[in-house]
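K.L.:
Mind looking over this structure? Questions follow.
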């Protein structure tokens, strides 16, 4: 055989690319056109039975193996992408033991070989039937104030994992950008926006109003507001307390949350599907020396939570009351890492759980208060069992 200027003697195997076969008019009707109809006998398209037989003699549409069909591969990729999106958006659970394969559901369609191929695409073994439902949080718009560290960051990450769209806020635009970048690194397809809001100033009401306006304009109506903003822990002997320190400690822990509820309620849908969740603290119920300011404000926000649940009904208002949680706030109170680790180890031994909570542990409490539309005016203690001691 001579191909161009090269001669190939008898006995030499010559590989012919699929491309060459597909351009052969002896086998393919109108080979230079994109014509999926070439595989279907149809007089309206000019495709007769003989043409289909010739084409099938060199190629099987939607085949797998050495002559893998590009269209089949594209179709499977598209189906895989759709399934991945579906699984991401939905929760599912197994229904009994009634698992069925495609051949059980469609016993009369196609040949046994075709049905085996369907099984390959759907399940490599006799898989279970499942029930599907929208994942909790899917499609909800959550606004978190104080989301760049500690509890707020953990709640933000958990909310995104539940497929909520998220707006975060902090006093620092730089920290907001860094947090969004960090969250996107963990959950690349997440919908996150962030806006600075200074809750510590005298114009706090104007700042809150602008934040809610921007949140609604950026991601639609807000469904849930979560408040975790805080400044350094005001732990000190009573003799060190001054008027200025009282005001400073209360601005973010008592004044701002109530104003967020006041203004935020105008931007939430009026119904139990909407919620506001504050952050209190078990110090309000479990006194400790030098914690008078914290105990006062945490007790105040817990009481205000119950009253706001009546004032803002049917919007739900609740609070999470953490015990000891390993957040950045403790780094300011106990700068020495070894001293802090020793303190945490000592306190963990006193807890019934035998451990100090991490922010991600508490995040589940905030998610629960968003999901349960039957709960309002409640304070959820998450304290490693400290109140029992």
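In this note's numbering, the protein residues as written are 616 to 1004. Beta carbons: idealized from backbone N, C-alpha and C, even for Gly.
#1: Who are the Cβ neighbours of residue 758 in its own chain at under 6 Å, not counting the five residues just before and after it?
#2: Can you list, in chain order, the residues of its chain with a C-beta nearer than 7 Å to that of residue 871? Leave out the 5 residues immediately preceding and following it.
#3: So what does residue 809 bridge to, in DSSP terms?
#4: Within its chain, find whatever has a CB closer than 7 Å to the CB of residue 720; leave out the 5 residues flanking it on each side and keep chain order.
#5: By the 10 Å Cβ neighbour count, where 16 or more other Cβ atoms means buried, how is residue 926 classified, buried or exposed?
#6: Can you give me the start and stop residues for the alpha helix (DSSP H) that residue 624 sits inside?
#7: Go ahead and pull the three-state DSSP assignment for residue 894.
#8: So, for residue 914: in the same chain, excluding its five sequence neighbours on each side, which residues have a beta-carbon less than 6 Å away from its beta-carbon?
#9: Within 10 Å of its beta-carbon, does residue 809 have 16 or more other beta-carbons around it, so buried, or fewer, so exposed?
#10: Considering Cα atoms alone, identify which of 764, 805 and 930 is closest to residue 791.
#11: On a CA-only basis, which of 881, 889, 866 and 962 is nearest residue 909? Give me that one, please.
#12: Measure the C-alpha to C-alpha separation of residue 794 and residue 828 and round it to an integer number of angstroms.
#13: With a Cβ-Cβ cutoff of 7 Å, do residue 997 and residue 980 count as a contact?
#14: How is residue 932 classed by DSSP in three states: helix, strand or coil?
#15: Could you please give me the residues that DSSP links to residue 937 through a beta bridge?
#16: Grab the span of the alpha helix (DSSP H) containing residue 796 for me, first residue to last.
#17: Please name the residue or residues paired with residue 662 in a DSSP beta bridge.
#18: Which residue spans inside the region 815-895 form an unbroken alpha helix (DSSP H) run of at least 4?
#19: Thinking C-beta only, is residue 761 closer than 7 Å to residue 754?
#20: Could you give the distance in angstroms between the alpha-carbon of residue 847 and the alpha-carbon of residue 858?
#21: If you follow the beta strand (DSSP E) that residue 759 is in, where does it begin and where does it stop?
#22: Tell me the residue span of the alpha helix (DSSP H) that contains residue 974.
#23: Alpha carbon to alpha carbon, how far is residue 647 from residue 660? Give it in angstroms, no decimals.
P.N.:
Answer, in terms of the structure:
#1: Counted from its first residue, the chain shown places residue 758 at position 143. Excluding residues within five positions, the ones whose Cβ falls inside 6 Å are 782, 830, 837 and 840.
#2: Taking the first residue of the chain shown as 1, we reach residue 871 at position 256. These residues qualify, in order along the chain: 814, 819 and 844.
#3: The sequence position of residue 809 within the chain shown is 194, counting from 1. Its beta-bridge partners are 783.
#4: Your numbering for residue 720 matches position 105 in the chain shown. Because the pLDDT at residue 720 is just 43, under 50, the model does not fix this residue reliably, and the value given afterwards should be weighed accordingly. Counting only residues of its own chain and dropping the five nearest sequence neighbours on each side, residue 720 has no CB closer than 7 Å to any other CB.
#5: Position 311 of the chain shown, counted from the start, is the residue given in the question as residue 926. Exposed, by the Cβ-count rule.
#6: Counted from its first residue, the chain shown places residue 624 at position 9. Taken as a continuous stretch (DSSP letters only), residue 624 belongs to no alpha helix (DSSP H), as it is neither H nor E.
#7: On the chain shown, residue 894 is found 279 positions in, with the first residue counted as 1. Three-state DSSP puts residue 894 in a strand.
#8: By one-based count along the chain shown, residue 914 stands at place 299. The answer, listed in chain order, is 899.
#9: What you label residue 809 is simply residue 194 of the chain shown in a count that begins at 1. Looking at its Cβ environment, which holds 16 or more other Cβ atoms inside 10 Å, residue 809 is buried.
#10: Working through the chain shown from its first residue, we reach residue 791 at position 176. Out of 764, 805 and 930, 764 has the C-alpha closest to the C-alpha of residue 791.
#11: The residue labelled residue 909 in the question sits at position 294 within the chain shown. When only C-alpha atoms are compared, the closest one is 866.
#12: Locating residue 794 in the chain shown gives position 179, where the first residue counts as 1. Locating residue 828 in the chain shown gives position 213, where the first residue counts as 1. For residue 794 and residue 828, the distance between alpha carbons rounds to 21 Å.
#13: Residue 997 sits at position 382 when you count from the first residue of the chain shown. Residue 980 sits at position 365 when you count from the first residue of the chain shown. Yes, Cβ-Cβ distance for residue 997 and residue 980 is below 7 Å.
#14: By one-based count along the chain shown, residue 932 stands at place 317. Residue state, collapsed to three classes: strand.
#15: Residue 937 sits at position 322 when you count from the first residue of the chain shown. For residue 937, which the question treats as bridged, DSSP gives the partners 997.
#16: As a working mapping, residue 796 is identified with position 181 in the chain shown. Counting along the chain, the unbroken alpha helix (DSSP H) around residue 796 starts and ends at 788-801.
#17: In the chain shown, counting from the first residue as 1, residue 662 sits at position 47. 657, per the DSSP bridge assignment.
#18: Entirely contained in the region 815-895, the alpha helix (DSSP H) runs reaching 4 residues are, in chain order, 819-834, 858-865 and 871-879.
#19: Translated into the one-based positions of the chain shown, residue 754 becomes position 139. Translated into the one-based positions of the chain shown, residue 761 becomes position 146. At least 7 Å separates the beta-carbon of residue 754 from that of residue 761.
#20: To locate residue 847, count along the chain shown from 1; it is residue 232. To locate residue 858, count along the chain shown from 1; it is residue 243. Distance between the alpha carbons of residue 847 and residue 858 is about 17 Å.
#21: Translated into positions along the chain shown, residue 759 becomes position 144. In the DSSP annotation of this structure, the continuous segment of the beta strand (DSSP E) that includes residue 759 starts and ends at 756-760.
#22: Numbered from 1 along the chain shown, position 359 holds the residue referred to as residue 974. That run of the alpha helix (DSSP H) goes 974-986.
#23: Here residue 660 is taken as the residue at index 45 of the chain shown, counted from 1. Here residue 647 is taken as the residue at index 32 of the chain shown, counted from 1. One alpha carbon belongs to residue 660, the other to residue 647, and they sit about 16 Å apart.
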